[in-house]
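Participant: The following block contains the structure, expressed as structure tokens.
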Amino acid sequence: MMQIDSIKLHLCLGAGCSVSIKNSFGKMFSRAVLILISLFIISGISTGKSSFLADSLVSPVFASDAQPADSDGEATADGEAAAEEGPSVWAPAPPPKLEASDYPIVEGWNARISVWIVAQLHLFFAAFVLGVPIFVWVIEIVGFITKDNRYDRMAHEFIKVAMTGFSLTASFGGLLSIMLAVFYPDFMEYMVSVFGKTMLIYALLFFVESFFVYTYYYGWDSMNDGGKKKMLHLFLGLMLNISGMSLMVLSNSWAAFMMAPSGLGADGAFLGNVWAAVNGPLWNPLNLHRFIANIAYGGSLTAAYAAFKFISATTPEDRAHYDWMGYQSFFIAIVGLLPLPFAGYWLTKEIYDYSQQMGITLMGGVFAWLFIIQAVLIGAVFLSANYYIWCSLGRTNGADRYKFMIQPLGLVIIFAFLVWFTPHTLVMTSTEMSQVGGTHHSVLGPLGVMAAKNGAVNLLILSTFLSFQMFSRSNTEVVGTGFWAKNGTAIQIGLYTAGIVNILALSIWSYFIPAALRIGLSIPQVVTTLIVCVVAMIIDMLRNRGTRDIAEMKWGNMPIRSQYSLFMLAGSFTWLMGLMGYCRSGIRQHWHVYTVFRDNSTEAFTPTLPYAAGMVTLICAIFLLLILFMFWMPMLASKKKKEQPQPDSAVEAG
Amino acid sequence: MKAFLKPLLVILVCYLLLKIGVPLVGSILHPGTWPVIPTGVMKMYVFFIVTGVLLMSTFSDEGYDALVGPIVDLYTNPAKAMLKLVTVVLVGALGAYITYQYVKPTFDAPVELRSIHPAPPSSIKAFGKRFSLQKLKNPFRVEDKEQLAKSAEEGGIVYYKNCYFCHGDKMLGKGPFWEGFNPVPANFVNIGTIAQLTESFVFWRIATGGPGLPSEGTPWISAMPVWHELITEEETWKVILFLYEYTGHNPRVTKEHH
Ligand code: HEM
Numbered sequence: 005m006m007q008i009d010s011i012k013l014h015l016c017l018g019a020g021c022s023v024s025i026k027n028s029f030g031k032m033f034s035r036a037v038l039i040l041i042s043l044f045i046i047s048g049i050s051t052g053k054s055s056f057l058a059d060s061l062v063s064p065v066f067a068s069d070a071q072p073a074d075s076d077g078e079a080t081a082d083g084e085a086a087a088e089e090g091p092s093v094w095a096p097a098p099p100p101k102l103e104a105s106d107y108p109i110v111e112g113w114n115a116r117i118s119v120w121i122v123a124q125l126h127l128f129f130a131a132f133v134l135g136v137p138i139f140v141w142v143i144e145i146v147g148f149i150t151k152d153n154r155y156d157r158m159a160h161e162f163i164k165v166a167m168t169g170f171s172l173t174a175s176f177g178g179l180l181s182i183m184l185a186v187f188y189p190d191f192m193e194y195m196v197s198v199f200g201k202t203m204l205i206y207a208l209l210f211f212v213e214s215f216f217v218y219t220y221y222y223g224w225d226s227m228n229d230g231g232k233k234k235m236l237h238l239f240l241g242l243m244l245n246i247s248g249m250s251l252m253v254l255s256n257s258w259a260a261f262m263m264a265p266s267g268l269g270a271d272g273a274f275l276g277n278v279w280a281a282v283n284g285p286l287w288n289p290l291n292l293h294r295f296i297a298n299i300a301y302g303g304s305l306t307a308a309y310a311a312f313k314f315i316s317a318t319t320p321e322d323r324a325h326y327d328w329m330g331y332q333s334f335f336i337a338i339v340g341l342l343p344l345p346f347a348g349y350w351l352t353k354e355i356y357d358y359s360q361q362m363g364i365t366l367m368g369g370v371f372a373w374l375f376i377i378q379a380v381l382i383g384a385v386f387l388s389a390n391y392y393i394w395c396s397l398g399r400t401n402g403a404d405r406y407k408f409m410i411q412p413l414g415l416v417i418i419f420a421f422l423v424w425f426t427p428h429t430l431v432m433t434s435t436e437m438s439q440v441g442g443t444h445h446s447v448l449g450p451l452g453v454m455a456a457k458n459g460a461v462n463l464l465i466l467s468t469f470l471s472f473q474m475f476s477r478s479n480t481e482v483v484g485t486g487f488w489a490k491n492g493t494a495i496q497i498g499l500y501t502a503g504i505v506n507i508l509a510l511s512i513w514s515y516f517i518p519a520a521l522r523i524g525l526s527i528p529q530v531v532t533t534l535i536v537c538v539v540a541m542i543i544d545m546l547r548n549r550g551t552r553d554i555a556e557m558k559w560g561n562m563p564i565r566s567q568y569s570l571f572m573l574a575g576s577f578t579w580l581m582g583l584m585g586y587c588r589s590g591i592r593q594h595w596h597v598y599t600v601f602r603d604n605s606t607e608a609f610t611p612t613l614p615y616a617a618g619m620v621t622l623i624c625a626i627f628l629l630l631i632l633f634m635f636w637m638p639m640l641a642s643k644k645k646k647e648q649p650q651p652d653s654a655v656e657a658g
Numbered sequence: 032m033k034a035f036l037k038p039l040l041v042i043l044v045c046y047l048l049l050k051i052g053v054p055l056v057g058s059i060l061h062p063g064t065w066p067v068i069p070t071g072v073m074k075m076y077v078f079f080i081v082t083g084v085l086l087m088s089t090f091s092d093e094g095y096d097a098l099v100g101p102i103v104d105l106y107t108n109p110a111k112a113m114l115k116l117v118t119v120v121l122v123g124a125l126g127a128y129i130t131y132q133y134v135k136p137t138f139d140a141p142v143e144l145r146s147i148h149p150a151p152p153s154s155i156k157a158f159g160k161r162f163s164l165q166k167l168k169n170p171f172r173v174e175d176k177e178q179l180a181k182s183a184e185e186g187g188i189v190y191y192k193n194c195y196f197c198h199g200d201k202m203l204g205k206g207p208f209w210e211g212f213n214p215v216p217a218n219f220v221n222i223g224t225i226a227q228l229t230e231s232f233v234f235w236r237i238a239t240g241g242p243g244l245p246s247e248g249t250p251w252i253s254a255m256p257v258w259h260e261l262i263t264e265e266e267t268w269k270v271i272l273f274l275y276e277y278t279g280h281n282p283r284v285t286k287e288h289h
């Protein structure tokens, strides 16, 4: 947050010399300066004209006569000087048609790769620091209501993990905006001309967010009185989340606009209504998908943190604590994971509806192969999640009654998983092709289409939920004689059976109906899954009135190998995000703003699959190293506090 | 020992189901073919079956010990030194065999990532005009049922005069010439083709044929002719109507955007 402002200042100071230098660097700098100065000017306008946010959002922004002629100081002088280079930028004008030579070349830097790496790292950290406060806040409320202090402690520890992330998010954000200004000045000029107003709000929201982050975090202990002060603290947490979400939806609108521009005239000229540009067809699908994904992602990273601490723990108390923490984070990650495929489908459907060409590029063209990797990773996520749950049976005291279920459950999960990632288009050698009798495989072909995948993913979700229910009851025994205690299980078995039959039947039926209807069928399937999950959970609650714990849960009684499934979860999530972020950005192909503003830089090619996958892997590796560093740092501090030499647990863990 | 063998047995059964079961089902569905699972997919399948089965058998400490115990025993028990030697040699030989399979030269053409339905261009040139695919509609798809049936019927004539030879009389992609082509002519009854495409996409595919495909569609291997040089624009739209009418599929429609 701070970085961005200091950079702005820095550029302003450097602006004086920019006019005289006529090489590409000079041009580039003067443009960057132009952008930044205009930001200041616009801020003057928006605060001067209207302080009411919504009002200013829907009013035309860059009416050329609104430029104040008499505002004082350097800013105006430089602004005019820089503007001499071209016609007034701020009148509604179609985006420029650029040549390769319009893109500044900075020796030693590859513009696209630099922006790619930094943007993705920014997204990773942003997802993490936006996701964590959401569940921290919820856990804090749970602790406040139940008066169970463990929740409060855990929430506090989670936010501590995220704190280092905040400054890194901002640093990468600052770096990203500078890189964009340096490498893609004309593009940024255009984006500013459309979104200038929301960009300013975005920058201001940083301050708001950091205020709440710091008061929320540092005020934790002093406000922890369980009463009025705690309520105030909860309010701070709420505000933190609101400002964070506002930041996210604002930046989402830029990404969504680049894919599916709205609010533009036929020639791509901005019509002046910022709200129309913000509220494009992909904005809300993206908001929803990212909101849920952030929670899941935050959960998976805190779970990895707990696993890290669990493995390096030296006392049984620590093991128990971090096992418990890992379990809770895991739970959050899974709750976030389950609705994600549906949010993903909605996003994809809207992409399809916006542009058939873009939809096919994504799902049928070159990018389709990345979705096979995506499917594999999602399957890997489900597998490791189930493994963790099965291992969790070791903590309970009555698991032997349920272990028999794991084999069949496992087989169903594996089978559903194989169907889920079966590619639509098969890669075959010519020998194989002649054996198969063409490119269409008579057995695998039908498994490659949506109808099969919908069935498979719903089965995966149901099985995972069943695994979870099995764990949650394995430490209890029935003592009551109430209706639900006696018959609950039988009803649940019936429920699951009916649900599975319905899902499979719908999948099979959907092969025989037209495409438009077929897509609609995924909705009753999802609804079936949701109903089964919710009703089965309610039955569990009713049943629990007639049950009691067999003995205390044995927290900490987990094999080390189970913890690796938590690492696996975090790693797969990271890779998934990197991959999908690339897909989202890559399907624009040679466009800065799809169909409106062409990317004519030499880098505007669609990379080969190995190249893209390699880049994503590299970025994930950088991120995971940074995260490891983040986990390790607080341990340094706490070691000093204890002031006793301990075996170097970080090394042990590695 | 039983606990050690059971996972191996499960893996073996799964493998055989994929290796023999799947082609067997396929050969019953389409006599004369033996649809093996392509190597790339097979590798992924086997990898995840092995992983999944290992996970299933190691979640509890007893299961883990039962699986790992014999291996540890083999490597540490002096009484089993001979068996250990044999195992090491066998595992090494298996590694060598797999490596050899990878590096040995073959005469197969390299596999290609072929997209059957690559993204269409935003506009195409055909019939001496330029068409913007985004907005393109079938002019013969009208409300009037009778008119529609008449156009479709005319499309049928076009179909049996031109397309039947490859795409077949029942539109199953099995016309008299089908076996001569790789990729084989599209099967329009299958939900994987026209049922999931818009009419503008189908128009593009017919008008510009195989050569009109972008590079990820490997245009040089598709035998689909460039029909805009052979039939008229009107005939193209009518034959599209016929394809949908005959198969009972509906074209995909996209939302209107402004
Ligand atoms: C369990 C299933 C899924 C998981 C765990 C998942 C996870 C994610 C995550 C973490 C992101 C990054 C969000 C961000 O940038 O903050 C993402 C983005 C995306 N997802 Fe998914 N997703 C899932 C399902 C799907 C499905 C089924 C589709 C489409 C078929 C899909 C399409 C996309 C696209 C296009 C993006 C790019 C959005 C962006 O990064 O801006 N997702 N997904």
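Which chain is which? The protein sequence lines are A and B, in order. Position 604 (the first sequence) corresponds to 608 in the numbering used here; numbering is contiguous. Position 171 (the second sequence) corresponds to 202 in the numbering used here; numbering is contiguous. For glycine and all other residues, C-beta sits at the position ideal for the given N, C-alpha and C. Since the structure is predicted, the reported quantities are computational estimates derived from the model, not experimental observations.
Have a look at Val81(B), Ile51(B) and Phe90(B) and flag the residue whose alpha-carbon is nearest the alpha-carbon of Arg565(A).
Facilitator: Among Val81(B), Ile51(B) and Phe90(B), the Cα nearest to that of Arg565(A) is on Phe90(B).
Participant: Ends of the alpha helix (DSSP H) at Glu321(A)?
Facilitator: Glu321(A) -> alpha helix (DSSP H) spans Pro320 to Leu341.
Participant: How long is the line joining the alpha carbons of Asn390(A) and Val620(A), rounded to whole angstroms?
Facilitator: Looking at the two C-alpha atoms, the distance is approximately 26 Å.
Participant: For Glu247(B), decide whether its Cβ has a neighbour in chain A, counting only Cβ atoms nearer than 8 Å.
Facilitator: It does; some Cβ of chain A falls within 8 Å.
Participant: Give every residue of the same chain whose Cβ lies closer than 8 Å to the Cβ of Met167(A), excluding the five residues on either side of it in the sequence, and list them in chain order.
Facilitator: Val217 and Tyr221.
Participant: By DSSP's criteria, His154(B) is part of a beta bridge. Which residues make up the other side?
Facilitator: It should be pointed out that residue 154(B) corresponds to Ser in this sequence rather than to His. According to DSSP, which records beta bridges pairwise, Ser154(B) is partnered with Ser163(B).
Participant: Using alpha carbons as the reference points, say which of Ser388(A), Ala297(A), Met192(A) and Val597(A) lies closest to Gly582(A).
Facilitator: Ranking Ser388(A), Ala297(A), Met192(A) and Val597(A) by Cα distance to Gly582(A) puts Ala297(A) first.
Participant: Under the assumption that Thr263(B) contacts Ala238(B) (Cβ atoms under 8 Å), give the Cβ distance between them as a whole number of angstroms.
Facilitator: At roughly 11 Å, the Cβ-Cβ gap does not stay under 8 Å, so Thr263(B) and Ala238(B) are not in contact.
Participant: Quick one, which of Gln178(B), Leu48(B) and Met87(B) has its alpha-carbon nearest Leu98(B)'s?
Facilitator: Closest option to Leu98(B), Cα to Cα, is Met87(B).
Participant: Taking the continuous beta strand (DSSP E) assigned at Thr89(B), which residues delimit it?
Facilitator: Per DSSP, Thr89(B) belongs to no beta strand (DSSP E); it is in the alpha helix (DSSP H), Thr70 to Thr89.
Participant: Does chain A have any CB closer than 8 Å to the CB of Ala1(B)?
Facilitator: Absent from the structure is residue 1(B), since the part of chain B shown begins at 32 and ends at 289.
Participant: Given a limit of 9 Å on CB to CB distance, which residues of the region 146-159 of chain B reach chain A?
Facilitator: Those residues of the region 146-159 of chain B that come within reach of chain A (Cβ to Cβ, closer than 9 Å) are Ser146, Ile147, His148, Pro149, Ala150, Pro151, Pro152 and Ser153.
Participant: Can you give me the Cβ contacts of Phe158(B) inside the same chain, cut-off strictly under 6 Å, excluding the 5 residues immediately before and after it?
Facilitator: So the list reads His259 and Glu264, once near-sequence residues are dropped.
Participant: Can you list, in chain order, the residues of its chain with a C-beta nearer than 8 Å to that of Asn256(A)? Leave out the 5 residues immediately preceding and following it.
Facilitator: Excluding positions up to five away in sequence, the list reads Trp287, Leu290, Asn291 and Arg294.
Participant: For Trp268(B), decide whether its Cβ has a neighbour in chain A, counting only Cβ atoms nearer than 8 Å.
Facilitator: Cβ-Cβ to chain A under 8 Å: no for Trp268(B).
Participant: Between Leu463(A) and Gly83(B), is the Cβ-Cβ spacing less than 8 Å?
Facilitator: Against a cut-off of 8 Å, the Cβ pair of Gly83(B) and Leu463(A) comes out as no contact.
Participant: Any idea what DSSP makes of Trp224(A), helix, strand or coil?
Facilitator: The answer is coil: DSSP assigns Trp224(A) none of H, G, I, E or B.
Participant: 8 Å is my cut-off, CB to CB: does Val44(B) come that close to chain A?
Facilitator: No, Val44(B) lies away from the interface with chain A (no Cβ there is under 8 Å from its Cβ).
Participant: If you draw a straight line from the C-alpha of Tyr131(B) to the C-alpha of Pro38(B), how long is it?
Facilitator: Each residue's Cα considered, the two are about 28 Å apart.
Participant: Confirm, please, whether the CB-CB distance from Thr202(A) to Val660(A) is below 8 Å.
Facilitator: Because chain A spans 5 through 658 in this model, residue 660(A) falls outside it and cannot be assessed.
Participant: Short of 8 Å Cβ to Cβ, which residues in the region 418-435 of chain A face chain B?
Facilitator: Answer set for the region 418-435 of chain A: Ile418, Phe421, Leu422, Phe425, Thr426, Pro427, His428, Thr429, Leu430, Val431, Met432, Thr433, Ser434 and Thr435.
Participant: Which of helix, strand or coil does DSSP assign to Pro91(A)?
Facilitator: Below a pLDDT of 50, predicted positions are generally treated as unreliable, and Pro91(A), at 44, falls in that range; no measurement from the model is reported.
Participant: Is the CB-CB distance between Gly402(A) and Ile543(A) below 8 Å?
Facilitator: Not a contact, by the Cβ cut-off of 8 Å.
Participant: Using the three-state DSSP reduction, which class does Thr224(B) fall into: helix, strand or coil?
Facilitator: Thr224(B): coil per DSSP, three-state reduction.
Participant: Nearest to Ile661(A) by alpha carbon, out of Ala150(B), Leu36(B) and Phe219(B)?
Facilitator: Outside the shown range of chain A (5 to 658) lies residue 661(A), about which nothing can therefore be said.
Participant: Here's a check: name, in chain order, each residue in its chain whose Cβ is nearer than 8 Å to the Cβ of Trp579(A), leaving out the five neighbours to either side.
Facilitator: Closer than 8 Å at Cβ, skipping near neighbours: Leu381, Val620, Thr621 and Cys624.
Participant: Mind checking Trp235(B): buried by the 16 CB within 10 Å criterion, or exposed?
Facilitator: With 16 or more other Cβ atoms within 10 Å, it is buried.
Participant: List the endpoints of the continuous alpha helix (DSSP H) containing Thr400(A).
Facilitator: Careful: Thr400(A) lies outside any alpha helix (DSSP H) and carries neither H nor E.
Participant: At a CB-CB cut-off below 8 Å, which residues of chain D make contact with Thr89(B)?
Facilitator: In summary, chain D is missing from the structure at hand, where the protein chains are A and B.
Participant: Of all Cβ atoms in chain A, is any one closer than 8 Å to the Cβ of His198(B)?
Facilitator: No - not a single Cβ of chain A is within 8 Å of the one on His198(B).
Participant: Could you tell me which residues DSSP pairs with Phe274(A) in its beta bridges?
Facilitator: According to DSSP, which records beta bridges pairwise, Phe274(A) is partnered with Leu268(A).
Participant: Quick check: is any heavy atom of the ligand GTP less than 7 Å from the C-beta of Arg154(A)?
Facilitator: This structure simply doesn't include the ligand GTP; it includes the ligand HEM instead.
Participant: Take Val253(A) and list the residues in its own chain whose beta-carbon comes closer than 7 Å to its own, dropping the five residues that flank it on each side.
Facilitator: Result list for Val253(A): Asn291, in chain order.
Participant: Give me the residue from Val483(A), Met329(A), Tyr568(A) and Thr426(A) with the minimum Cα distance to Val165(A).
Facilitator: For the residues Val483(A), Met329(A), Tyr568(A) and Thr426(A), the minimum Cα distance to Val165(A) belongs to Met329(A).
Participant: In chain B, which residues lie less than 7 Å from Ile410(A) when you measure between Cβ atoms?
Facilitator: Ordered by position in chain B, the residues that pass the 7 Å Cβ test against Ile410(A) are Met87 and Phe90.
Participant: Put His670(A) into one of helix, strand or coil per three-state DSSP.
Facilitator: Because chain A spans 5 through 658 in this model, residue 670(A) falls outside it and cannot be assessed.
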